[in-house]
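Residue numbers (mature numbering (1 follows the signal peptide of the UniProt record, and there is no 0)): -29 to -1, 1 to 968.
By construction, the Cβ of each residue, glycine as well, lies at the ideal position given by its N, Cα and C atoms.
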Amino acid sequence: MEYMWKTSFVSATLFVLALLAADVARGEGDFIIVKRFHKKRVPRQAVGGPVAQQIGSQWGSGFGSGSGGVPLPGGVAATVSTLPLPTTPPPIVTPPEQKKPEIYALDIKSTVTSRYAKTVVTSRLANKADEAREAVFEISLPKTAFISNFSMTIDNVTYFGEVKEKEKAEKEYKKAVSKGQSAGKVSATPKRENKFKVSVNVAAQSKVTFNLTYEELLQRRLGSYELVLSIRPQQVVRHLKIDVRIIETRDIVMLDVPNIRRSITDNTYGSGELEGVEIARPSPNRAHIQYRPTDMEQMRMSPSGISGDFLVRYDVKRDLSVGDIQIVNGYFVHYFAPSGLPVVPKNIVFIIDKSGSMGGTKMRQTKQAMNTILKDLRDHDRFNVMPFSYSSTMWRPNEMVLATRENIESARTYVRRSINAGGGTNINQAIIDAADLLRRVTDDQPNSPRSASLIIFLTDGLPSVGESKPRNIMVNVKNAIREQVSLFCLGFGKDVDFPFLEKMALENRGLARRIYEDSDAALQLKGFYDEVATPLLFDVQMRYPENLVTDLTPVDFNTYFDGSELVVAGRLSNEVGRTLDVSVVGNTVDSQLTLEKEVNVTAPHKALLNRQAVGDFTQRLWAYLTIKHYLKQRLIATPEEKTNLTAKALELSLKYNFVTPLTSMIVVKPEEKEVAEEEKEADGAADVPGGSASGSGGRGRPSSFGQTYSGSPVRQAARPRPQPKYQPSPSRSRGGGGGGGGGHSVDGDPHFIVDMPGLNATLCFDINGEAGDVLNLLRDHGLGTVVNARVVAAKRIPDGKQKLPTYFGELSIVVGSTRIYITPYKIVLQGRDPTHDLVIPWGKRSKLIRGPVDIDVRRRRMSIRHVGSGVEFMVLQHPVRADHPIKPDYLGFYVQNGKGLSKDVHGLIGQFHYGTATLHVDDEPLEGGVKKARIYIKDRKVEVHEKERRNHLINRRVQCWLAPNNADQLIDGNWRDYLVPEMFTINNSQLADSAIL
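Structure (structure tokens):
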């Protein structure tokens, strides 16, 4: 993890200016570097007036005429000679040392639930300088990981990332950059990891918190799973904590936390377990690892703290069985990695590129790796070595030899002495020759023990001799292999056409791997061979009842190698009963193996019910594997198939909020000026009579963070519209006339306050439901919007009252695809599955855009605005002290701006938005002088009387005409017609004439 803080420089003295000019005069080459105070590269051809003026404008004024610095016409030498240089060297003026940034807390939490890891990185930084600085947050991620969430909190305002299609995200990023807004980029390194990078401008004496979540399936390699957590803060961190929890359904039989790893091969901090790590084993199938190094422990690793990978390796108990099948909420994952199987002999041909580009270090490392690999062959394996350039040659022409000690030594000598770089690259002929050799051997010896045939093909370049078109080579190789051989392609270096190798391997029962030109290249080659060195099964098929499972990831595997694991995920159909029959069929060295199991689908394993486990991990793992499969299949698909696969992968990426090669994450922050204006306007609304903001809003300029991961524009609050306190009178007009927007709300016990077009009055009514009732407040088919509320009861009946007061304790708001669940304790933006719900706390400033909705949470108010129409709702949180004898915590709901609602809007308060009515005030008041009136609405007459209600949004009481008896005759139908079964029911109320969404 890297953090860089940047600032601009100010001024210098006359003498320093002279020395800088002299430095420019002495510059050599195409570019000069102006030193001492900045490292700006200046084109040499610009060194005349332009450079001198640039220096003058940046390092001070007052030397010569004008305030912009010294104009230096003509050549630099002549200009420098006019400067009054002193006879003694001037003192060197150094800028004041800038305060270094402080990463005062770094917390990395990873939860592994049955191999599926969810990691959350939280980093807290403090800018202690007296001026704003730019902070760059950078972290290395495992190459197989998908980022699923990102947020940052600045000045108590939280900005959330939103995953979008890559092209759309790129356009938003470029738009932000074109406006000069601060932006960061996520870059992917072409190596074993990806890098996430984002920048933000942090005000003086301020703090910023970054939160990043990523998910991955831990792959079993060489007999263990490995969790890799990058720790590279480039400084000592006062509060550094690593917390890893492992929850498995089988006993954990091996657990290792080695020393911090600088690179894949370098373990310079020592051997053995990491000093200071705490390992707890609450049960045989669980582990809890904590690492909290002190400042001194970090400095012992290096003066700048820890810089490397924190590793956890583990494995679980295994046996010869069908494996582990985990089922949660209709999704399942099947892990298969049996033990106790005999090793299948292998026929293996090593094809080694010896073209000219392989000379030097590459060839030396290749020979070094082959020297070790050949020694590791088993005595029942058969092999050959085939170097190629213009054409291919064989160590033992036209035969596969047993891996006896003599043959291995002979082959090692051949590799060491006879393979030398030189010539072109005839990829086509080399692979065809190897496939022909393997096929002849297996065809000629039909009674030999069963074996697995492999080609390991190593090259560093492009085809240049013979057939050179990749498409033709792929066709020729596929015809030669005939699905009888597994082809493993190793691309060495940066010049190789790796997509070509990857496609060719996928079409021929294998896979491709990059080998990087590092000092550890020989170990990379050896490591790959170790993964495929011990086949235990071949032609493996994992089978499930066709009518009971759907959407399966690949179920057929060419080979199961020792130390690896085969994984399948899928969905259960509605037809499944209490059990699911699962079987695995594969070929061993001497027979066919069949394993079967009847799996209980009614309840997940008790370990998965642990509250610390990743919820619904099977569903997210299914999506993860399915996306990976679609992306891989795109490589070998036809154009039409590729379009279809891309669409499917994109749909799942967006649904599960995964950042994949098809998507990006956007985070957007408002400019500081706009935030200040917004705060002023919003805070003032509560003090303005009738201060509901009814304007269309207007949008602040976004400031982008993150290109490949980027985010959400901020809403600029509408200016409040002052309204006079209402006195019910036929001559007074209320807002909302003409369907223009209206003040509709429900708050308190629950008290509804509504305005109607053409009615010079405000109406109010109460709904006395029962605790647990869910009422539809508003639904708009045209806008795709639904608002429901759940009733909660008071703690007891107040003294002197006849009934138990009720309030609204929960709200659900649906706008398009965005679903928001609100309680007095939290705000939940529901994801496509519960594990990806985004929880926003009350009392903390948060801004984000989710789908078509602009959300702004400020203390006890939440604004929800539909970006396209301008429709805006406001939710108020009413926390009540715990010892209050009557009131529970409750919510209030307000239609802040309803101008964009469609004519189809309905619901308990929605029906009044475009409704019309007339009011007739009686001359004779009720007892006590309370005015009474009649309202004519549609074909109904409603007796009403004067009442006073509190509008909590503007914090004052307003007068209204109250319709009694649960708004009988005022609303369409009976209030019970607005009851819906669940919070997110969108079309089940009896008055709904069509589905809303």
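The distance from the Cβ of THR184 to that of THR90 is about 7 Å, consistent with a contact at the 8 Å cut-off. With 16 or more other Cβ atoms from the protein chains shown falling within 10 Å of its own Cβ, TYR262 counts as buried. Just so you know, the alpha carbons of ALA175 and HIS259 end up roughly 39 Å apart.
DSSP assignment within the region 462 to 534 yields the following whole beta strand (DSSP E) runs of 3 residues or more, N-terminal first: 483 to 486, 506 to 514 and 527 to 532.
The C-beta distance from GLY780 to LEU862 rounds to 7 Å, short enough to meet the 8 Å contact threshold.
In terms of CA proximity to MET727, GLY869 leads the group SER119, GLY869, TYR796 and VAL92. The beta carbon of LYS497 lies closer than 7 Å to those of ALA340, THR343 and ILE344 in the same chain, with the five residues before and after it left out.
Taken atom to atom, the span from the alpha-carbon of GLY437 to that of ALA476 is near 20 Å.
The beta carbon of VAL799 lies closer than 8 Å to those of ILE791, TYR792, ILE793, ASP808, LEU809, VAL810 and ILE811 in the same chain, with the five residues before and after it left out. When secondary structure is reduced to three states using DSSP, THR617 falls in the helix class. Between the region 618 to 626 and the region 590 to 609, the count of Cβ pairs shorter than 8 Å is three or higher; the stretches touch. Per the Cβ contact rule, the region 874 to 893 is not in contact with the region 846 to 860 (fewer than 3 Cβ pairs under 8 Å). As far as DSSP is concerned, SER381 takes part in no beta bridge. VAL570 sits close to VAL553, with the two beta carbons spaced by under 8 Å. Taken through DSSP and simplified to helix, strand or coil, ASP404 comes out as helix. Residue pairing by DSSP places HIS837 opposite VAL824 in a beta bridge. If you check the CB distance, MET365 and PHE354 do not come in under 8 Å.
Listed as beta-bridge partners of ILE925 by DSSP are no residues whatsoever. Below 8 Å, enough C-beta pairs join the region 105 to 120 and the region 182 to 199 to call them touching: three or more. When C-beta atoms of the region 904 to 919 are compared with those of the region 931 to 946, three or more pairs fall below 8 Å, so the two segments count as touching. Annotated three-state conformation of PHE588 is helix, per DSSP. Rounded to whole angstroms, the gap between the alpha carbons of ILE231 and ALA493 is 22 Å.
Taken atom to atom, the span from the alpha-carbon of LEU282 to that of VAL446 is near 42 Å. In terms of CA proximity to THR589, ASP295 leads the group ASP295, PRO441 and ASN165. Taking the CA atoms as reference points, THR887 sits about 7 Å from LEU730. A Cβ-Cβ contact shorter than 8 Å links PRO805 with ASP587. When DSSP states are grouped into helix, strand and coil, LEU543 belongs to the strand group. The continuous stretches of alpha helix (DSSP H) do not include LEU433, and DSSP gives it neither H nor E. When DSSP assignments are scanned along the region 757 to 826, the uninterrupted stretches of beta strand (DSSP E) that are 3 or more residues long and fall wholly within it turn out to be 777 to 786, 789 to 793, 798 to 800, 809 to 811 and 816 to 821. If you look at GLU249, you'll find it in the beta strand (DSSP E) that goes 248 to 254.
Each residue's CA atom was taken as its position, placing LYS142 and THR124 some 25 Å apart. Only residues of its own chain outside the window of five on either side were considered, and among them VAL386, ARG387 and ILE390 have a CB closer than 8 Å to the CB of LYS338, listed in chain order. For ILE784, the closest C-alpha among the options THR756, THR573, GLY771 and ARG761 is that of THR756. DSSP places GLN190 outside both helix and strand once states are collapsed to three, so it counts as coil.
A residue is called buried when at least 16 other Cβ atoms come within 10 angstroms of its Cβ; TYR796 does not meet this threshold and is exposed. Following the DSSP letters along the chain, one finds VAL725 in no alpha helix (DSSP H) but inside the beta strand (DSSP E) bounded by residues 722 to 726.
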